[in-house]
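Comments concern the structure below.
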Amino acid sequence: MTNKLLKGALGFAAVSAVALAGGIAHAKDTITIAVPSFLTGGAAGPFGIPAMNGAKMVTDAINAGKLPAPYNTKGFGGATASVIPLDEGGGATKQVAEYRNLVEKRNVDAIVGYISSGNCQALAPVAEELKQFTIFATCGTPRIFEEAARKYVFRTMGHATADNVAAAMYVKEKFPDMKGYTGINQNYAWGQDSWRDFDLTLQQIMPNTKASDKTQFPKIFAGQYGSEISAMSLDKADLIHTSFWGGDLEAFIFQGNARGLFKKKIGVFTVGGTAAYRLGKKLPNGLVLGARGPYGILVKDRPSALNQWFINTYKDIYGIYPSGPAYQYGQAILAAKIAYDKAGSDASNEQLANALRGITFESFSTTVEMTLGGGHQAATENGYGITEYDSENGENVVKDVKFYPASCVLPPEGQNSVDWIKGGMKGAKC
Numbered sequence: 001m002t003n004k005l006l007k008g009a010l011g012f013a014a015v016s017a018v019a020l021a022g023g024i025a026h027a028k029d030t031i032t033i034a035v036p037s038f039l040t041g042g043a044a045g046p047f048g049i050p051a052m053n054g055a056k057m058v059t060d061a062i063n064a065g066k067l068p069a070p071y072n073t074k075g076f077g078g079a080t081a082s083v084i085p086l087d088e089g090g091g092a093t094k095q096v097a098e099y100r101n102l103v104e105k106r107n108v109d110a111i112v113g114y115i116s117s118g119n120c121q122a123l124a125p126v127a128e129e130l131k132q133f134t135i136f137a138t139c140g141t142p143r144i145f146e147e148a149a150r151k152y153v154f155r156t157m158g159h160a161t162a163d164n165v166a167a168a169m170y171v172k173e174k175f176p177d178m179k180g181y182t183g184i185n186q187n188y189a190w191g192q193d194s195w196r197d198f199d200l201t202l203q204q205i206m207p208n209t210k211a212s213d214k215t216q217f218p219k220i221f222a223g224q225y226g227s228e229i230s231a232m233s234l235d236k237a238d239l240i241h242t243s244f245w246g247g248d249l250e251a252f253i254f255q256g257n258a259r260g261l262f263k264k265k266i267g268v269f270t271v272g273g274t275a276a277y278r279l280g281k282k283l284p285n286g287l288v289l290g291a292r293g294p295y296g297i298l299v300k301d302r303p304s305a306l307n308q309w310f311i312n313t314y315k316d317i318y319g320i321y322p323s324g325p326a327y328q329y330g331q332a333i334l335a336a337k338i339a340y341d342k343a344g345s346d347a348s349n350e351q352l353a354n355a356l357r358g359i360t361f362e363s364f365s366t367t368v369e370m371t372l373g374g375g376h377q378a379a380t381e382n383g384y385g386i387t388e389y390d391s392e393n394g395e396n397v398v399k400d401v402k403f404y405p406a407s408c409v410l411p412p413e414g415q416n417s418v419d420w421i422k423g424g425m426k427g428a429k430c
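In this text, residue positions in the sequence shown follow this note's numbering: the first is 1, and each later residue adds one.
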């Protein structure tokens, strides 16, 4: 080798060594994760605060290396994460402005959270524009990934189509003689989509039933439902479907109880699980109760080490059993750890997205398969049960719980939810 070539080779080796050393030196010791949730207003107590509690609890456990195997390594790719809690209230315009601030001025490493479907719809294109790794924890509208391809945005739980297809299937099994149904749902993407999917599914699987022409769509967080309850009480429909959540859900239960609504009608509550531990005897017996998937009271008896750790740790810290939002936010944080563990603490947004795309992982209460939306949308099972107050133990329980696999209640990859349901749910594996 000539001196010139030798010098060049040595120079290249020296540069490579520096680059490698620099890569190690620049691995982050800490990262920041912004976690938006409803921390004020009617959605906070029943939904937003349990969600934030779940996120913080799981983050703290990851930082300390105290999650059960296989997640018992410390940190997010070895880095300690700091949670920045944010209030999701104020509407989509406010949330878009805050999101831009998080990315462009506060330089957060990841954004994990969001409950409102309206907020997620507004934020998804902004996240793509800013190329920011973002995990939606809870918001339910299927439109997020059905209306556009995403590169940096993920959702780690099933969307609302599964909630409502499963609800309709459960109704058919438990109430085969049901003749008519009505609904009360919030008048925005979440409520509209939820009613649409439930109604369309029943048209397919119970064609002799009939939807009322007096279905109700009050404004989100309206809080008062006297006129709607009066109308539903007089309606001939046997069953009432609602996707109410947060304070709206609890207000509807209290006001419906006072009018005897749930003694006259079958109630199908797709997000009712959030009220199960909070309301005690005030939760009516005989409701068809969902938790937006395999979460909360529906999985209280699942014996896995991850699930029992989640339940026992949450109960020890917060004095109440974890509801669905706690699981859903904890699951999203866990997904962030998995991405960082694969890509490294100094990974770019694109590398983190590549690490999470299309994977399958065991979460606290179920298996999560990122198989829809080009590998960005989770598919999980979804279930329902019937509420009953256990006076001996002084708590609500659910009986006759049944779970439907994701392949049964979610459209296959590449198919639109509405078209899939209208087409008879071809390919569903139940």
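Beta carbons are placed, not taken as given, at the ideal position from N, Cα and C, and that holds for glycine.
Source: prediction; values computed, not measured.
Check	Outcome
Arg-100 versus Asn-349: straight-line alpha-carbon distance, rounded	15 Å
Cut-off 7 Å between Cβ atoms - residues of its own chain near Leu-102, not counting five sequence neighbours on either side	Ala-34, Val-108, Ile-111
Cβ neighbours of Tyr-170 in the same chain (closer than 7 Å, five flanking residues each side left out)	Val-288, Tyr-384, Lys-402
Span separating the alpha-carbon of Leu-334 from that of Ala-64	14 Å
Three-way DSSP call (helix, strand, coil) for Asn-382 in this model	strand
Unbroken alpha helix (DSSP H) run spanning Lys-342, endpoints	324-343
Inter-residue Cα distance where the pair is Leu-410 and Lys-74	35 Å
DSSP bridge partner residues for Asn-257 (one or two, in chain order)	Answer is none; Asn-257 lacks a bridge partner.
Meets three-Cβ-pair contact criterion under 8 Å: the stretch 148-167 and the stretch 184-203	yes
Residues near Ser-212 by beta carbon distance below 6 Å, same chain, minus five either side	Thr-182, Asp-235, Ala-237
Residues that Lys-402 bridges to, as DSSP identifies them	Tyr-384
Pairwise C-alpha distance: Phe-133 and Ile-31	13 Å
Closest by C-alpha distance to Ala-326, when choosing among Ser-363, Ala-347, Lys-342	Ser-363
Phe-76 versus Leu-86, Asn-187, Ala-61, residue with shortest Cα-Cα distance	Ala-61
Asn-396 (DSSP reduced to helix, strand or coil)	strand
Sheet register partners of Gly-510 (DSSP bridge)	No information on residue 510 is available, as it lies outside the stretch 1 to 430 that the chain covers here.
Cβ distance (whole Å) where Lys-422 is taken to contact Leu-200 below 8 Å	6 Å
Nonlocal neighbours in the same chain, by C-beta distance under 6 Å from Ala-25, ignoring five residues either side	Residue placement at Ala-25 is poorly supported in this model, since its pLDDT is 41, which falls under 50; the coordinates still yield a value, given next. Cβ within range, chain order: n/a, list empty.
In chain order, each alpha helix (DSSP H) run of at least 4 residues that lies wholly inside the stretch 145-206	160-174, 189-205
Euclidean distance between Cα positions of Pro-431 and Gln-377	This structure gives no information on residue 431, because the portion of the chain shown stretches from 1 to 430.
When Gly-280, Gly-286, Gly-247, Lys-281 are compared against Phe-442, the one with the closest alpha-carbon	No statement about residue 442 is possible, as the shown extent of the chain runs from 1 to 430 and does not include it.
Lys-453 vs Asp-341 beta-carbon contact at 7 Å	Given that the chain is displayed from residue 1 to residue 430, the structure contains no residue 453 and the question cannot be resolved.
Buried/exposed call for Pro-46, threshold 16 Cβ in 10 Å	buried
Under the three-state DSSP convention, the category Asn-313 falls into	For clarity, residue 313 is Thr in the given sequence; the question names Asn instead. Correct three-state label for Thr-313: helix.
Reduced DSSP secondary structure (H/G/I, E/B, other) of Met-52	helix
Straight-line gap, Ile-84 to Ile-49 (C-alpha atoms, nearest Å)	14 Å
Limits of the unbroken beta strand (DSSP E) element including Thr-433	Residue 433 falls outside the range modelled here, since the chain spans only 1 to 430, and no answer is possible.
Exposure label - Glu-88; buried when at least 16 CB within 10 Å	buried
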